[in-house]
Amino acid sequence: MLIDEVNIILKGGHGGAGKVSFYPGEKSGPSGGNGGKGGDLYIEATTDLTVLNQFSRKRLVSAENGMPGGLSRKIGKDGRDIVVFMPVGTVLIEKNTGEVITIDKGGQKILVCKGGLGGWGNYEFKSSRNTTPEYAQSGLDGEEKHFQASLKLLADFGLIGLPNAGKSSLLNELTSTSVKTADYPFTTLEPNLGVLNRKIIADIPGLIEGASDGRGLGVKFLKHIEKTSVLLHCIAADSPNLEEDYKVVVNELESFSNELIKKPQIILLTKSDLVDKKQLNERIKRLKKFKHKIYPVSIHDWDSLEELKKALTTS
Ligand SMILES: Nc1nc2c(ncn2[C@@H]2O[C@H](COP(=O)(O)OP(=O)(O)OP(=O)(O)O)[C@@H](O)[C@H]2O)c(=O)[nH]1
Ligand SMILES: [Mg+2]
597 MLIDEVNIIL KGGHGGAGKV SFYPGEKSGP SGGNGGKGGD LYIEATTDLT
647 VLNQFSRKRL VSAENGMPGG LSRKIGKDGR DIVVFMPVGT VLIEKNTGEV
697 ITIDKGGQKI LVCKGGLGGW GNYEFKSSRN TTPEYAQSGL DGEEKHFQAS
747 LKLLADFGLI GLPNAGKSSL LNELTSTSVK TADYPFTTLE PNLGVLNRKI
797 IADIPGLIEG ASDGRGLGVK FLKHIEKTSV LLHCIAADSP NLEEDYKVVV
847 NELESFSNEL IKKPQIILLT KSDLVDKKQL NERIKRLKKF KHKIYPVSIH
897 DWDSLEELKK ALTTS
């Protein structure tokens with residue numbers, strides 16, 4: 597199950613406490629060192645959509661606390677920073693302040709919760725008036741934020757089409773993913789993302805008639821292509837009903853939202869190796885009436901994949 601809504605608490609590390617101590621001997625001065633700083637917490641964007649699943653049990657993530665100061669003015673070690681991975685397309689809303697963080701670029705890294713400063717040890721409080729201070733500061737709290745995180749796929753291209761059209765196979769060839777593919781419908785149960793030259797491609801489960809009413813894996817995934825710029829509509833070249841295949845999917849997009857149907861589409865005539873050249877040309881001709889760019893493509897035809905990659909990365 598892809599988790600796309602979570603409540604999480606993120607925290608910077610607590611600052612280490614300052615130390616109260618004195619050098620040995622009767623009239624000797626203070627020696628307590630300062631506490632270390634608490635670690636900072638960062639969020640980093642990833643195209644791995646499953647990373648929100650880590651929060652199904654663990655709701656609190658905290659950077660490491662700073663260590664307390666020691667004897668002989670020994671400074672406590674700073675807490676280590678921590679990086680929390682969130683999928684591209686995640687929007688985080690802080691429940692108390694309303695702060696909004698949008699993860700929308702691959703590789704993006706954001707400082708979200710600063711660690712608390714370490715407290716001063718008693719050495720720092722030594723003065724001419726008080727040569728033997730008996731107090732030190734405790735470290736400060738790290739920042740703590742309570743987020744509601746929700747994920748909507750954010751992609752430059754969304755692979756759509758009937759089940760078994762070859763969407764996941766294409767994702768694997770175009771990007772360096774290894775999503776499961778198989779010769780039966782609904783192999784893909786959750787969306788997947790891949791990256792092609794910094795462009796993000798989303799693969800979603802196959803759509804069937806009635807998807808917009810919740811049939812198949814339906815609505816849940818149509819929602820996920822709302823934030824996709826261009827739809828790559830996959831139609832199997834060896835299908836006996838090309839036009840019907842096209843229309844079923846388009847009808848579902850239309851019934852789901854007016855916005856989806858307005859998105860630019862590119863038709864990918866997939867599995868082009870399964871028909872001969874003459875049939876392929878005839879099929880391309882038939883699909884031209886839908887007025888989209890058409891690329892015949894096969895995972896067994898390197899040239900066709902290169903041509904498609906070029907078209908996608910330069911568009
Ligand atoms: N001959 C040939 N077979 C292909 C090609 N692309 C995909 N296939 C096969 O078609 C079957 C379906 O491929 P998938 O990539 O799983 O299809 P999908 O559209 O992701 O399917 P769902 O996830 O079920 O919607 C697999 O057996 C693939 O090996 C192709 O270019 N040529
Ligand atoms: Mg698939």
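Take 597 as the starting number for the sequence shown in the numbering used here and just add one per residue. For each residue, glycine too, the CB sits at the ideal point set by N, CA and C.
DSSP three-state assignment for residue i, whether helix, strand or coil
i: VAL616; result: coil
i: THR727; result: coil
i: THR783; result: coil
i: ALA778; result: coil
i: GLU695; result: coil
i: GLU720; result: helix
i: GLU822; result: coil
i: LYS843; result: helix
i: THR642; result: strand
i: GLU805; result: coil
i: ASP869; result: helix
i: GLN650; result: helix
i: LEU736; result: coil
i: SER668; result: coil
i: LEU849; result: helix
i: LEU838; result: helix
One or two residues paired with residue i in a DSSP bridge
i: ASP636; result: Paired residues: none, contrary to the question.
i: HIS829; result: ILE756 and ILE863
i: VAL791; result: ILE796
i: ILE741; result: According to the sequence shown, residue 741 is Lys rather than Ile. BP columns for LYS741 point to LEU606.
i: LEU747; result: THR686
i: PRO626; result: PHE618
i: ILE599; result: Note: ILE599 sits in no beta bridge, so no partner.
i: PHE681; result: GLU640
First and last residue of the uninterrupted alpha helix (DSSP H) at residue i
i: LEU856; result: 854-858
i: ILE880; result: 873-883
i: THR909; result: 898-910
i: LYS763; result: 763-770
Cβ pair residue i, residue j closer than 8 Å
i: ALA761; j: ALA832; result: yes
i: LYS701; j: GLU822; result: no
i: LEU667; j: SER627; result: yes
i: LEU789; j: PRO801; result: no
i: ASP752; j: VAL826; result: yes
i: GLU640; j: GLN744; result: no
i: LYS776; j: ASP799; result: no
i: TYR675; j: ALA659; result: The sequence shown places Gly at residue 675, not Tyr. Yes; because the gap between Cβ atoms is below 8 Å, this pair is in contact.
i: ILE756; j: LEU828; result: yes
i: ALA732; j: GLY754; result: no
i: PHE618; j: THR693; result: no
i: GLY612; j: GLY665; result: yes
i: LEU767; j: ILE796; result: no
i: LEU792; j: LYS905; result: yes
i: ILE671; j: MET682; result: no
i: ILE706; j: TYR638; result: yes
i: GLU805; j: VAL846; result: no
i: LEU856; j: LEU818; result: yes
i: TYR719; j: GLY621; result: no
i: THR824; j: LYS859; result: yes
i: LEU648; j: ILE599; result: yes
i: PRO781; j: HIS820; result: no
i: ASP899; j: ASP869; result: no
i: GLU601; j: SER746; result: yes
Where the beta strand (DSSP E) containing residue i begins and where it ends
i: VAL657; result: 656-658
i: ILE706; result: 705-709
i: ILE890; result: 889-892
Contact test: residue i Cβ vs ligand 3 heavy atom, cutoff 7 Å
i: LYS867; result: Among the ligands present in this structure, namely ligand 1 and ligand 2, ligand 3 is not found.
Residue-chain proximity (residue i, chain B), Cβ-Cβ < 8 Å
i: GLU690; result: The structure shown contains no chain B, having only a single protein chain.
### Query
Between the region 703-713 and the region 629-639, do three or more beta carbon pairs fall short of 8 Å?
Of all C-beta pairs linking the region 703-713 to the region 629-639, three or more are shorter than 8 Å, placing the two stretches in contact.
### Query
Is it a yes or a no for the region 856-875 touching the region 883-902, going by three-plus beta-carbon pairs under 8 Å?
Yes, the region 856-875 is in contact with the region 883-902.
### Task
Decide yes or no for the touch test of the region 603-610 against the region 731-739: beta carbon pairs closer than 8 Å, at least 3 of them.
Yes, the region 603-610 touches the region 731-739.
### Message
Counting beta carbon pairs with one atom in the region 653-661 and one in the region 762-779, are three or more of them shorter than 8 Å?
### Response
Remark: fewer than three beta-carbon pairs, one from each stretch, lie closer than 8 Å, so the region 762-779 and the region 653-661 are not flagged as touching.
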